[in-house]
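> As they're listed, the protein sequences go chains W and S. Letter 127 of the first sequence, counting from 1, is numbered 127 in UniProt numbering, and no numbers are missing. Letter 100 of the second sequence, counting from 1, is numbered 100 in UniProt numbering, and no numbers are missing.
2 protein chains.
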Amino acid sequence: MNKETDEALELARSFREALRQAVYVTRRLDVGETELTGTQLSLLTLLADGGARVSDVARSLGVRTPTATEQITRLEGRGYVRRESDPDDSRAVVVRLTDGGWEAVERVNLRRNRAIAAVIERLEPADRTALESAIPVLTSIYDRLREE
Amino acid sequence: MNKETDEALELARSFREALRQAVYVTRRLDVGETELTGTQLSLLTLLADGGARVSDVARSLGVRTPTATEQITRLEGRGYVRRESDPDDSRAVVVRLTDGGWEAVERVNLRRNRAIAAVIERLEPADRTALESAIPVLTSIYDRLREE
DNA sequence: TGTTCATAATTAGGCATCCTAACAGTTAGG
DNA sequence: CCTAACTGTTAGGATGCCTAATTATGAACA
Numbered sequence: 001m002n003k004e005t006d007e008a009l010e011l012a013r014s015f016r017e018a019l020r021q022a023v024y025v026t027r028r029l030d031v032g033e034t035e036l037t038g039t040q041l042s043l044l045t046l047l048a049d050g051g052a053r054v055s056d057v058a059r060s061l062g063v064r065t066p067t068a069t070e071q072i073t074r075l076e077g078r079g080y081v082r083r084e085s086d087p088d089d090s091r092a093v094v095v096r097l098t099d100g101g102w103e104a105v106e107r108v109n110l111r112r113n114r115a116i117a118a119v120i121e122r123l124e125p126a127d128r129t130a131l132e133s134a135i136p137v138l139t140s141i142y143d144r145l146r147e148e
Numbered sequence: 001m002n003k004e005t006d007e008a009l010e011l012a013r014s015f016r017e018a019l020r021q022a023v024y025v026t027r028r029l030d031v032g033e034t035e036l037t038g039t040q041l042s043l044l045t046l047l048a049d050g051g052a053r054v055s056d057v058a059r060s061l062g063v064r065t066p067t068a069t070e071q072i073t074r075l076e077g078r079g080y081v082r083r084e085s086d087p088d089d090s091r092a093v094v095v096r097l098t099d100g101g102w103e104a105v106e107r108v109n110l111r112r113n114r115a116i117a118a119v120i121e122r123l124e125p126a127d128r129t130a131l132e133s134a135i136p137v138l139t140s141i142y143d144r145l146r147e148e
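#1: How far does the alpha helix (DSSP H) with S:D60 in it extend, from its first residue to its last?
#2: Check the C-beta distance from W:E84 over to W:V94 and give it rounded, since I have them as a contact under 8 angstroms.
#3: Along chain S, in chain order, which residues have C-beta atoms closer than 7 angstroms to that of W:D127?
#4: Return the first residue and the last residue of the beta strand (DSSP E) that S:E84 is part of.
#5: Would the beta-carbon of W:A118 fall within 7 angstroms of that of S:N113?
#6: What are the start and end residues of each continuous alpha helix (DSSP H) run of 4 or more residues lying completely inside the UniProt domain "HTH marR-type" (8-147) of chain W, in chain order?
#7: Taking the CB atoms as reference points, tell me whether S:L131 and W:V137 lie closer together than 7 angstroms.
#8: How about W:A104 and W:Y142: do their beta carbons lie closer than 7 angstroms?
#9: Label W:S90 either buried or exposed according to how many other C-beta atoms from any shown protein chain fall within 10 Å of its C-beta, with 16 as the threshold for buried.
#10: Please list, in chain order, all residues of the same chain as W:G100 whose beta carbon is under 7 angstroms from its beta carbon, the five residues on each side excluded.
#11: Roughly how many angstroms separate the alpha carbons of S:T65 and S:R28, rounded to a whole number?
#12: For W:A117 and chain S, any beta-carbon pair shorter than 7 angstroms?
#13: Going along chain S, which residues have a C-beta under 9 angstroms from W:E70?
#14: Tell me the rounded alpha-carbon separation between S:E76 and S:R111.
#15: Using a 10 Å radius around the Cβ and a threshold of 16 neighbouring Cβ atoms, would you call W:T73 buried or exposed?
#16: Quick check on S:R122: buried or exposed, where buried means 16 or more other Cβ atoms within 10 Å of its Cβ?
#17: Between W:L47, W:V54 and W:V108, which lies nearest to W:T98 when the distance is taken from Cα to Cα?
#18: Should S:A12 be flagged as near chain W, meaning a C-beta pair shorter than 7 angstroms?
#19: So, are the CB atoms of W:I135 and S:S14 less than 7 angstroms apart?
#20: Is the beta carbon of S:L145 less than 7 angstroms from the beta carbon of W:V25?
#21: Is the shortest distance between the beta-carbon of W:S133 and the beta-carbons of chain S less than 7 angstroms?
#22: Find the residues of chain S that neighbour W:A18, judging by a C-beta separation of less than 8 angstroms, and give them in chain order.
#23: I'd like to know whether the C-beta of W:Y24 is nearer than 7 angstroms to at least one C-beta of chain S.
#24: Within its chain, find whatever has a CB closer than 8 angstroms to the CB of S:N109; leave out the 5 residues flanking it on each side and keep chain order.
#25: Would you kindly work out how many angstroms separate the C-alpha atoms of S:P87 and S:R96, rounded to a whole number?
#26: From W:A58, W:I116, W:E7 and W:T129, pick the residue whose C-alpha is nearest to that of S:E17; which is it?
#27: Spatial neighbours of W:R128 within its chain, please: C-beta separation below 7 angstroms, excluding the five flanking residues on both sides.
#28: Figure out for me which residue from S:L36, S:R20, S:T69 and S:E70 has the closest Cα to the Cα of W:T37.
#29: In angstroms, rounded to a whole number, what distance separates the CA positions of S:E10 and S:A52?
#30: Compare the C-beta of W:S90 against all C-beta atoms of chain S and say whether one is closer than 7 angstroms.
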């Protein structure tokens, strides 16, 4: 076993511990929030870029289509999104935010971002910089892990 | 609204996006793994430091006691942990890894760490350094978010 | 000593999220 | 055409988490 590999393994170990904490913290953020769960907010947020098919929603969220269907149905029932049929392909369904959905996604996202920002503002400048430069790295790691 | 706050909000926004991805990636890692779910592995891993009460397990995992009871019962049924009564307090239950539990926690953790390590090894050195220095920052952010 | 309050864990009931399998409708290629 | 591939939904089931109520034990104190 070479040294390079051992170091990567050790880094992987601590990274995985951080991942675990991320999951629990995210759940905690959801608990106090009665309006939208984390999954629902993620779904609405991705629709802010424009309409998306059910299968696109599923892929973006990292879930199977029946799960996306279920969430969309729930959000539709509460008036946050609507289904339209795709003019180019009548099998497909395009999901869009309603006005109420737009309002909700902005309001809830701002509220949650403020909770995080309050913590970030108390970080040492060096730590803040470290966080800032790590985020794109995290994203690229997640992308690669998803592919496998 | 001052500039400092705006920047923190923007950083919070991208950090939250990374958090969301972390949740889904973790779920993905669980799906392929039939032996233990993420929660179960976390539970076993924390027991590797020694026996713990049900309430300690719950606190470490960030869940309520009934949830810990449920997970412990399930793992007990599969022979990974056992319950012992606390000699100092007969209300309490101490949970410990069995031999099979030890074996499982080492095997599964190594497997998952290798999957992450494989990605880390392909990072640019600068990115790897960025990841390394960000992990303690992440941990401290999570700690503070949990307190609130 | 005996009452009362606090603590540890479990049980019961319920909800959100996810999955696979099976199905219906639509499109597209041979 | 006719079959294979694709889009989305429905049906059924598992997991993980929660709150409220319950059982049993411990601790404090009049």
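Glycine is no exception: its CB is placed at the ideal position from the N, C-alpha and C atoms.
Considering the structure as presented:
#1: Sequence index remark: in the second sequence, residue 60 of chain S carries index 60 (1-based). Here residue 60 of chain S is Ser; the residue named in the question, Asp, does not match the sequence. Here the alpha helix (DSSP H) through S:S60 covers V54 to L61.
#2: One-based indexing of the first sequence puts residue 84 of chain W at position 84. One-based indexing of the first sequence puts residue 94 of chain W at position 94. The Cβ separation is near 5 angstroms, so the contact holds.
#3: On the first sequence, residue 127 of chain W is found 127 positions in, with the first residue counted as 1. Within chain S, the residues near W:D127 are V137.
#4: Counted from its first residue, the second sequence places residue 84 of chain S at position 84. Element bounds for S:E84: V81 to S85.
#5: Working through the first sequence from its first residue, we reach residue 118 of chain W at position 118. Working through the second sequence from its first residue, we reach residue 113 of chain S at position 113. No.
#6: 38-47, 54-61, 65-77, 99-120 and 125-147
#7: Locating residue 131 of chain S in the second sequence gives position 131, where the first residue counts as 1. Locating residue 137 of chain W in the first sequence gives position 137, where the first residue counts as 1. Closer than 7 angstroms, so yes.
#8: On the first sequence, residue 104 of chain W is found 104 positions in, with the first residue counted as 1. On the first sequence, residue 142 of chain W is found 142 positions in, with the first residue counted as 1. Their beta carbons are not under 7 angstroms apart, which means W:A104 does not touch W:Y142 by this criterion.
#9: Position 90 of the first sequence, counting from 1, holds the residue named residue 90 of chain W. Its Cβ having fewer than 16 others within 10 Å, W:S90 is exposed.
#10: Working through the first sequence from its first residue, we reach residue 100 of chain W at position 100. Answer for W:G100: G79 and Y80, listed in chain order.
#11: Residue numbering aside, residue 65 of chain S sits at position 65 when the second sequence is read from its first letter. Residue numbering aside, residue 28 of chain S sits at position 28 when the second sequence is read from its first letter. Approximately 26 angstroms between the Cα atoms of the pair.
#12: Translated into the one-based positions of the first sequence, residue 117 of chain W becomes position 117. It does: the Cβ of W:A117 has a partner Cβ on chain S nearer than 7 angstroms.
#13: The sequence position of residue 70 of chain W within the first sequence is 70, counting from 1. Near W:E70 there are no residues of chain S at all, since even the closest Cβ is about 16 angstroms away, more than 9 angstroms.
#14: As a first step, residue 76 of chain S must be located in the second sequence, where it is residue number 76. As a first step, residue 111 of chain S must be located in the second sequence, where it is residue number 111. If you take the alpha carbons of S:E76 and S:R111, they lie about 22 angstroms apart.
#15: As a position in the first sequence, residue 73 of chain W is number 73, starting the count at 1. Label assigned to W:T73: exposed.
#16: Position 122 of the second sequence, counting from 1, holds the residue named residue 122 of chain S. It is exposed - the Cβ of S:R122 has fewer than 16 other Cβ atoms within 10 Å.
#17: As a first step, residue 98 of chain W must be located in the first sequence, where it is residue number 98. Checking every option, the nearest Cα to that of W:T98 belongs to W:L47.
#18: The residue given as residue 12 of chain S occupies position 12 in the second sequence. Yes - at least one Cβ of chain W is within 7 angstroms of the one on S:A12.
#19: Here the question's residue 135 of chain W lines up with position 135 in the first sequence. Here the question's residue 14 of chain S lines up with position 14 in the second sequence. Yes, these two residues count as a Cβ contact at 7 angstroms.
#20: Taking the first residue of the second sequence as position 1, residue 145 of chain S is located at position 145. Taking the first residue of the first sequence as position 1, residue 25 of chain W is located at position 25. It is a contact, given that the beta carbons lie within the stated cut-off.
#21: Mapped onto the first sequence, residue 133 of chain W falls at position 133. It does; some Cβ of chain S falls within 7 angstroms.
#22: Position 18 of the first sequence, counting from 1, holds the residue named residue 18 of chain W. Neighbours of W:A18 on chain S, chain order: I135, L138, T139 and Y142.
#23: Residue mapping note: residue 24 of chain W aligns to position 24 of the first sequence, counting from 1. By this cut-off, W:Y24 is an interface position.
#24: For the purposes of this step, residue 109 of chain S is taken as the residue at position 109 of the second sequence. Contacts found: L41 and T45.
#25: Numbered from 1 along the second sequence, position 87 holds the residue referred to as residue 87 of chain S. Numbered from 1 along the second sequence, position 96 holds the residue referred to as residue 96 of chain S. So the two alpha carbons sit approximately 14 angstroms from each other.
#26: Locating residue 17 of chain S in the second sequence gives position 17, counting from the first residue. It is W:I116 whose Cα lies nearest to the Cα of S:E17.
#27: In the first sequence, counting from the first residue as 1, residue 128 of chain W sits at position 128. Taken in chain order, the residues that qualify are I120.
#28: Here residue 37 of chain W is taken as the residue at index 37 of the first sequence, counted from 1. Comparing Cα-Cα distances from W:T37 to each of S:L36, S:R20, S:T69 and S:E70, the minimum goes to S:R20.
#29: Taking the second sequence and counting its residues from 1, the one referred to as residue 10 of chain S is at position 10. Taking the second sequence and counting its residues from 1, the one referred to as residue 52 of chain S is at position 52. Going by the C-alpha atoms only, they are around 40 angstroms apart.
#30: Counting from 1 along the first sequence, the entry for residue 90 of chain W is found at position 90. Answer no: the Cβ-Cβ gap between W:S90 and chain S never drops below 7 angstroms.
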